[in-house]
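For reference, the structure is listed below as structure tokens.
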Amino acid sequence: MSNKDSKPKNVGDMGMSFEDHLKWVGKNAGAPTARQKQPTQKAPNHPARRPQLQQEHQYSVPQAKEFHPVMEGDWSPQAAEDFSQYTKQQSKQILYTWVMLMQAFGSKFTVHFGDEPDKLFMDFAVGLTNDGFERLKANLYERLDENQEWPPSFTRLTQLADSPTKEMMYQARKKLFHHPEKDPNKLTRVERYIKKYKMNEVRMLSEQYFEQQFNRRFTIWFREVMFDDMDLFEEEEAKKLAESELVPTKHDKRREEEVQNGKAFSTPIGERIKKIIEEKKSYVVIEDINEEDE
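Residue 2 is where the sequence shown starts when you use the working numbering, and the numbers rise one by one after that.
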């Protein structure tokens, strides 16, 4: 397989190219505004939602960096209100993902998802990482080559962002089994994981159904590594946070020095606090007299 094979074969029949479409979008840039007329078709309510595994450390899709401010869309009041709940960069990411899918599936996409992104789709798009967006795009082009689901259901769409492509599986089979790669630096993290921990299982696969069985297991191993990466990232972030809390700031050091030198109450506010403390100490506490004390 090659990059050429992973692209739809009927690109010429799809009208404007993806790059030309983005240029057109950039020329019509602006903030999302509500339209007076309601959309011809509302996006359906989809029951499935992609787990927000990386909401705490999400990243914009790579192409969003080259994307101008959000296109001045002919949005319905509801869509404009939904867009207002996201940052400028998140809105770019939502629109870029939407445009990519529109370019791939055209009018068939609007039939299934409506003529504008809904809140469910926005949450999905914002949750995409760089790698997740690229996997989604590559998986969709592979499906177009095979004429599978035009377009896929929303549930399947969310799964594709967290699934390896067939090209990745092919490269893994080639480098691990058919033409073993000896240089570990030329292996991906998933391939190194399989080579270190799963080769015995790979060798036990049926020769007749090797490709199908390997692909199923590769998807499982791929997600194991992906989730492990998330855990490592969260641990690293927690470690950085803990270290930042332990390291005293310049303000902390200055405050500690003032306390040690008896200057804690040298400011106007400090003097007021000191006065309040002294007044409280001067109060006489009158205890209740019990009958036994009389």
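For every residue, glycine included, the Cβ atom is placed at its ideal position computed from N, Cα and C.
Where D163 sits in the DSSP three-state scheme: Position 162 of the sequence shown, counted from the start, is the residue given in the question as residue 163. Coil, per DSSP.
Can you give the Cα-Cα distance for A32 and F178, rounded to whole angstroms? Within the sequence shown, numbered from 1, the residue matching residue 32 stands at position 31. Within the sequence shown, numbered from 1, the residue matching residue 178 stands at position 177. With a pLDDT of 46 at A32, under the threshold of 50, the modelled position of this residue cannot be trusted; read the value that follows with caution. Computed Cα separation, rounded: 52 Å.
Is the beta carbon of K176 less than 8 Å from the beta carbon of E192? Here residue 176 refers to the residue found at position 175 of the sequence shown. Here residue 192 refers to the residue found at position 191 of the sequence shown. Here K176 is near E192, since their CB atoms are less than 8 Å apart.
Find the nearest neighbour of T189 within the set D124, V226, D119 and R204, judged by alpha-carbon distance. Walking along the sequence shown from the start, residue 189 turns up at place 188. When only C-alpha atoms are compared, the closest one is V226.
Apart from the five residues just before and just after P48, which ones in its own chain have a Cβ nearer than 6 Å to its Cβ? Here residue 48 is taken as the residue at index 47 of the sequence shown, counted from 1. Interpretation of P48 is limited by its pLDDT of 40, a score under 50 that renders its predicted location unreliable; the figure taken from the coordinates is listed afterwards. Same-chain partners within the cutoff: there are none.
Going along the chain, which unbroken runs of the alpha helix (DSSP H) with 4 or more residues stay wholly within the segment 137 to 161? 155 to 161
When the Cα atoms are used, what is the spatial distance from N131 to L137? Walking along the sequence shown from the start, residue 131 turns up at place 130. Walking along the sequence shown from the start, residue 137 turns up at place 136. Going from the Cα of N131 to the Cα of L137 covers about 10 Å.
Spatial neighbours of I278 within its chain, please: CB distance less than 7 Å, with the 5 preceding and 5 following residues excluded, ordered by chain position. Within the sequence shown, residue 278 is the residue found at index 277, counting from 1. None.
Report the residue from E212, L129, E280 and D229 whose alpha carbon sits nearest the alpha carbon of T160. Numbered from its first residue, the sequence shown carries residue 160 at position 159. In the sequence as presented, Thr is not what sits at residue 160; that position holds Gln. Residue L129 is the option with its Cα nearest to Q160.
Would you identify the three-state DSSP class for D184, choosing helix, strand or coil? The count along the sequence shown starts at 1 and reaches residue 184 at position 183. Secondary structure at D184: coil, using DSSP grouped into helix, strand and coil.
Same chain, Cβ closer than 7 Å to P185, five either side skipped, listed in chain order: Along the sequence shown, one-based indexing puts residue 185 at 184. Closer than 7 Å at Cβ, skipping near neighbours: R193.
Secondary structure of D75, DSSP reduced to three states: The residue given as residue 75 occupies position 74 in the sequence shown. Correct three-state label for D75: strand.
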